[in-house]
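Residue numbers (the working numbering): 1 to 408.
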């Protein structure tokens with residue numbers, strides 16, 4: 001075995017040009033697989049993060065049945081703040097959410113009104129960052145008669161900042177609820193549905209309009225990382241057990257985003273298979289050429305008594321060594337490529353019409369490297385380079401020595 005290792009290693013550095021070419025093929029193949037997977041995963045993460053930060057949060061707590069049928073009577077008194085203080089989340093906010101008729105001097109339209117805690121909402125979602133004109137909501141008494149309006153809704157209602165918007169709806173006791181507020185700011189969230197139909201107002205004003213008292217429609221939570229959502233969901237369910245409330249993760253609130261990610265992952269898998277086949281064929285072509293031009297060498301080895309199994313072992317080991325060197329070179333190329341992409345990102349603004357609807361405001365995607373993807377890509381490249389040398393190695397090992405020596 002030691003002799004096989006020595007011969008294989010000497011063959012690697014004996015023909016420097018051939019070895020460098022093979023190593024480069026390995027390196028480019030690995031870099032292509034890892035960077036492609038990282039960009040795909042980064043795109044998926046961007047879709048989820050933007051969907052979460054636009055409105056829905058990572059977790060939502062409602063009265064039972066509110067998500068399926070969001071009526072004003074499905075409300076609840078929130079649990080004490082102290083009971084949620086030890087929950088491992090990045091931020092949380094209370095909301096009052098109800099359907100209303102928004103009316104101006106020119107026209108009227110059905111809208112979704114969301115009563116928010118301005119400062120807390122800014123920690124959970126990107127609402128404050130989405131402001132394109134005017135001022136954000138404040139928490140003072142003078143701000144209770146202010147509201148924010150989606151950009152497209154402003155256009156359809158033919159409103160101007162500072163003008164009055166009248167809201168009509170149903171109060172908690174079944175009576176008619178009405179409130180007048182002035183538009184203090186215009187928001188562009190990047191989600192067309194929200195921008196054309198949402199109005200935001202201070203939660204206190206919404207509670208007064210509906211006669212809610214201290215009741216709210218939902219609690220929204222944002223975890224530090226998306227992988228912490230299941231643990232936070234279990235903890236919330238444990239703390240709120242028996243209170244008649246439902247705890248929903250973003251996957252349950254926005255199943256369309258989940259389906260979109262799953263579809264994209266399926267497309268990613270197909271693309272990775274195609275790239276893997278191309279990489280394997282490129283490596284196989286290089287190895288075939290390298291072995292083909294060495295038939296004379298194998299004939300001499302057979303003539304001096306080298307057994308076929310030993311020739312196969314030498315070639316397989318040589319391919320394995322080249323694969324390891326290729327992985328090292330590929331790791332360097334991949335690292336440089338990822339550093340560049342992390343720093344600059346991939347700007348998808350050229351496709352903004354579609355991208356804005358799918359992933360929200362930020363159209364710059366950065367790669368997300370996952371250890372599993374790196375390991376799988378490395379194994380694909382290494383096994384491709386090693387296994388594709390089996391057939392030419394078998395052929396070389398079973399050549400007649402005289403025929404092999406005379407081979408050109």
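Every residue, glycine too, gets a C-beta built ideally from N, C-alpha and C.
Check: State yes or no: is the C-beta of residue 330 within less than 8 angstroms of the C-beta of residue 221?; Outcome: no
Check: Judging by CA-CA distance, which residue of 251, 136, 344, 60 is the nearest neighbour of residue 444?; Outcome: It is not possible to answer for residue 444, since the shown part of the chain is limited to 1 through 408.
Check: From residue 200 to residue 264, what does the alpha carbon distance come to, in whole angstroms?; Outcome: 33 angstroms
Check: Can you list, in chain order, the residues of its chain whose CB lies under 6 angstroms from that of residue 106, leaving out five sequence neighbours each side?; Outcome: 158
Check: Pull up the distance between the alpha-carbon of residue 127 and that of residue 248, whole angstroms please.; Outcome: 21 angstroms
Check: Let me check understanding here. Comparing Cα to Cα, which of 280, 399, 333, 303 lies closest to residue 387?; Outcome: 280
Check: Here's the rule I'm using: 16 or more other beta-carbon atoms within 10 Å means buried, otherwise exposed. How should residue 359 be labelled?; Outcome: With a pLDDT of 45 at residue 359, under the threshold of 50, the modelled position of this residue cannot be trusted; read the value that follows with caution. Residue 359 should be labelled buried.
Check: At 4 residues or longer, what runs of the alpha helix (DSSP H) sit wholly inside the segment 131-196?; Outcome: 151-157
Check: If residue 110 sits next to residue 96, beta carbons under 8 angstroms apart, how far is it from one beta carbon to the other, in whole angstroms?; Outcome: Not really, about 17 angstroms apart at Cβ, beyond 8 angstroms.
Check: For residue 184, which option in 303, 276, 160, 49 has the closest C-alpha, if you only look at C-alpha atoms?; Outcome: 160
Check: Is it buried or exposed for residue 353, if we count other Cβ within 10 angstroms and need 16 for buried?; Outcome: At residue 353 the pLDDT is 49, less than 50, meaning the model places this residue with poor confidence; the figure from the coordinates comes in the next sentence. Under this definition residue 353 is an exposed residue.
Check: According to DSSP, is residue 246 part of a helix, a strand, or is it coil?; Outcome: strand
Check: In terms of residue numbering, what span does the beta strand (DSSP E) encompassing residue 429 cover?; Outcome: No statement about residue 429 is possible, as the shown extent of the chain runs from 1 to 408 and does not include it.
Check: Start and end of the beta strand (DSSP E) containing residue 62?; Outcome: 59-63
Check: Can you name, in chain order, every residue of its own chain whose Cβ lies under 6 angstroms from the Cβ of residue 356, other than the five neighbours on each side?; Outcome: Only weak support is given to the placement of residue 356: the predicted model assigns it a pLDDT of 49, under 50, and the value that follows is read from those uncertain coordinates. Answer for residue 356: 190, listed in chain order.
Check: Just how far apart, CA to CA, sit residue 364 and residue 347?; Outcome: 4 angstroms
Check: What residues match up with residue 364 in a beta bridge as DSSP calls it?; Outcome: 347
Check: Using DSSP with H/G/I as helix, E/B as strand and the rest coil, what is residue 66?; Outcome: coil
Check: Can you list, in chain order, the residues of its chain whose CB lies under 8 angstroms from that of residue 123, leaving out five sequence neighbours each side?; Outcome: 90, 91, 93, 222
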